[in-house]
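**Q**
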Amino acid sequence: MSNALLKVTGLKKAYGAIQAVGGVSFEVMPGEIFGVIGPNGSGKTTMFNSVLGQITPNEGSIELNGQNITGLSPLELSRRGVGRTFQTLQVFGKMTVRDNLIVAAQEHKGSMFSRMFAPGDSGLGDKADALIDQFRIRHVADKLAGTLSYGQQKLVDIAMAFMAEPDLVLLDEPCAGVNPSLVGGISSLLKELNQNPKFGRKSSFVVIEHNMDFVMDLCHRIMVMVEGKVMAIGTPAEIRANKEVLDAYLGN
Ligand SMILES: Nc1ncnc2c1ncn2[C@@H]1O[C@H](COP(=O)(O)OP(=O)(O)OP(=O)(O)O)[C@@H](O)[C@H]1O
Ligand SMILES: [Mg+2]
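Numbering (our numbering), first residue to last: 4 to 255.
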């Protein structure tokens, strides 16, 4: 038996003739920051969507702390401590930053019905404020999210995932479209949330990213996906030195 936090075995997902994910297996250990890299169209997002119950895989199993979670809905997974961010922004532009965080937590808690009858913001405001400080977005907390820069909205988007106090967060390209000057900030924030959070518990991450400096600096281990398959899994140093990976992806 393994002590893995997340264990994915033999995951497959096809779209017609396209084998988007063609038999992917990996384990993420408690406390780990696990990177996923690979060319466009190599199946990274499809793998995430399968793990997170957004789509139904054709084959394979997913375990969380030794429990089978294959096929559970995103809401059920969220209740079990698994969160995510999407490749595209999910913030509500016409709501304030603070309200975005509160609504994200209410969504995690359940139905529209229970939200309508929830008292005030039921303690969620304190949680939102703690995260607003941790994410260093206090100066924009009362602004409409749609008026912020893309990079700042991305921070709000990531913070929303942490309202549920997740054990594991899957981040799909947290740096995409973000001004390079903000990338270092996202990296140190994720390190902080992994090692020394000011709020909630320590989280493990699976991070898809094309920004190699970011991935190599942040991740404990990295998986390389090419054409729906796992080409390599290893430490940043091992991945950098892997000739097959250099030829297929890193070398250009
Ligand atoms: N809903 C869908 N219907 C049909 N084909 C799809 C669908 N989603 C993904 N695909 C195809 O599956 C393959 C893998 O796509 P996926 O989005 O998982 O790649 P990715 O590694 O996340 O790429 P990127 O780095 O560009 O985000 C691609 O060939 C893509 O066109
Ligand atoms: Mg993708």
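Ideal Cβ positions, reconstructed from N, Cα and C, are used throughout, including at glycine.
Keep in mind it's a predicted model, so treat the numbers as computed, not measured.
For a test of your reading of the model: does the CB of residue 47 fall under 6 angstroms from any non-hydrogen atom of ligand 2? Yes or no.
**A** As a first step, residue 47 is located in the sequence shown; it is residue number 44 there, counting from the start. Residue 47: yes, Cβ under 6 angstroms from ligand 2.
**Q** Taking DSSP as the reference, what is the three-state secondary structure of residue 120?
**A** Position 117 of the sequence shown, counting from 1, holds the residue named residue 120. Its pLDDT being 49, under 50, residue 120 is placed unreliably by the model, and the measurement read from it follows with that caveat. Residue 120 falls in the coil class under three-state DSSP.
**Q** When burial is assigned at 16 or more other CB atoms within 10 Å of the CB, is residue 49 buried or exposed?
**A** The count along the sequence shown starts at 1 and reaches residue 49 at position 46. Classification of residue 49: buried, given that the 10 Å Cβ count is 16 or more.
**Q** Roughly how many angstroms lie between the CA atoms of residue 22 and residue 149, to the nearest whole one?
**A** Position 19 of the sequence shown, counting from 1, holds the residue named residue 22. Position 146 of the sequence shown, counting from 1, holds the residue named residue 149. When rounded, the distance between both Cα atoms is 37 angstroms.
**Q** Tell me whether residue 254 counts as near ligand 1, meaning its Cβ is closer than 6 angstroms to at least one heavy atom of that ligand.
**A** Here residue 254 refers to the residue found at position 251 when the sequence shown is read from its first residue. Not under cutoff, so the answer is no.
**Q** Roughly how many whole angstroms lie between the Cα atoms of residue 118 and residue 68?
**A** In the sequence shown, the residue the question calls residue 118 occupies position 115. In the sequence shown, the residue the question calls residue 68 occupies position 65. Note that residue 118 has pLDDT 48, beneath the 50 cutoff, so the model's placement of it is unreliable and the number below is only indicative. Looking at the two C-alpha atoms, the distance is approximately 30 angstroms.
**Q** Relative to ligand 2, is the shortest distance from any of its heavy atoms to the C-beta of residue 90 smaller than 6 angstroms?
**A** Counting from 1 along the sequence shown, the entry for residue 90 is found at position 87. Residue 90: yes, Cβ under 6 angstroms from ligand 2.
**Q** Taking only three categories from DSSP, how would you classify residue 186?
**A** The residue labelled residue 186 in the question sits at position 183 within the sequence shown. The answer is helix: DSSP assigns residue 186 an H, G or I state.
**Q** If distances are taken between C-alpha atoms only, which option among 155, 92, 30 and 106 comes closest to residue 188?
**A** For the purposes of this step, residue 188 is identified with residue 185 of the sequence shown, where counting begins at 1. Comparing Cα-Cα distances from residue 188 to each of 155, 92, 30 and 106, the minimum goes to 155.
**Q** Can you give me the Cβ contacts of residue 217 inside the same chain, cut-off strictly under 8 angstroms, excluding the 5 residues immediately before and after it?
**A** Taking the sequence shown and counting its residues from 1, one reaches residue 217 at position 214. Same-chain partners within the cutoff: 178, 186, 189 and 190.
**Q** Secondary structure at residue 115, three-state DSSP: helix, strand or coil?
**A** Within the sequence shown, numbered from 1, the residue matching residue 115 stands at position 112. Below a pLDDT of 50, predicted positions are generally treated as unreliable, and residue 115, at 48, falls in that range; the measurement from the model is reported next regardless. It is helical.
**Q** Going by other Cβ atoms of all chains shown within 10 Å of its Cβ, with 16 needed for buried, is residue 70 buried or exposed?
**A** Position 67 of the sequence shown, counted from the start, is the residue given in the question as residue 70. Classification for residue 70: exposed.
**Q** Rounded to whole angstroms, what is the Cα-Cα separation between residue 114 and residue 79?
**A** Start at 1 with the first residue of the sequence shown, and residue 114 comes out as number 111. Start at 1 with the first residue of the sequence shown, and residue 79 comes out as number 76. With a pLDDT of 48 at residue 114, under the threshold of 50, the modelled position of that residue is not reliable, and the figure given next carries that caveat. Spanning the two alpha carbons is a distance of roughly 12 angstroms.
**Q** For residue 56, collect the residues of the same chain with a Cβ closer than 6 angstroms to its Cβ; drop the 5 residues on either side in sequence, then sort them by chain order.
**A** Within the sequence shown, residue 56 is the residue found at index 53, counting from 1. The answer, listed in chain order, is 75, 76, 77 and 80.
**Q** Looking only at its chain, what residues have a beta carbon closer than 7 angstroms to the beta carbon of residue 182, apart from the 5 residues adjacent to it on each side?
**A** On the sequence shown, position 179 is the one that residue 182 refers to. Only 154 meet the Cβ criterion.
**Q** Using only the alpha-carbon positions, how far apart do residue 253 and residue 47 sit?
**A** Residue 253 sits at position 250 when you count from the first residue of the sequence shown. Residue 47 sits at position 44 when you count from the first residue of the sequence shown. Distance between the alpha carbons of residue 253 and residue 47 is about 16 angstroms.
**Q** So what does DSSP say about residue 226, is it helix, strand or coil?
**A** Working through the sequence shown from its first residue, we reach residue 226 at position 223. Reduced to three states, the DSSP call for residue 226 is strand.
**Q** Tell me the start and end of each unbroken alpha helix (DSSP H) in the stretch 165-213 that is at least 4 residues and wholly inside, in chain order.
**A** 183-198
**Q** Let me know the secondary structure DSSP gives residue 30 once reduced to three states.
**A** In the sequence shown, the residue the question calls residue 30 occupies position 27. Collapsing the DSSP output to three states places residue 30 in a strand.
**Q** Residue 227 and residue 40 look like a contact to me (Cβ under 8 angstroms); what is the Cβ gap, rounded to whole Å?
**A** Numbered from 1 along the sequence shown, position 224 holds the residue referred to as residue 227. Numbered from 1 along the sequence shown, position 37 holds the residue referred to as residue 40. Confirmed, Cβ separation roughly 6 angstroms.
**Q** Any heavy atom of ligand 1 inside 6 angstroms of the beta-carbon of residue 153?
**A** Here residue 153 corresponds to residue number 150 of the sequence shown, with the count starting at 1. Closer than 6 angstroms to some heavy atom of ligand 1: that does not describe the Cβ of residue 153.
**Q** What residue does the alpha helix (DSSP H) around residue 45 start on, and which one ends it?
**A** Translated into the one-based positions of the sequence shown, residue 45 becomes position 42. Note, residue 45: premise wrong, no alpha helix (DSSP H); not H, not E.
**Q** May I ask which residues mark the beginning and end of the beta strand (DSSP E) holding residue 10?
**A** Position 7 of the sequence shown, counted from the first residue, corresponds to residue 10. Start and end: 9-18.
**Q** Distance, Cα to Cα, residue 234 vs residue 97?
**A** For the purposes of this step, residue 234 is identified with residue 231 of the sequence shown, where counting begins at 1. For the purposes of this step, residue 97 is identified with residue 94 of the sequence shown, where counting begins at 1. Between residue 234 and residue 97, the C-alpha separation is close to 43 angstroms.
**Q** Does the stretch 190-203 touch the stretch 11-30, meaning 3 or more C-beta pairs lie closer than 8 angstroms?
**A** no
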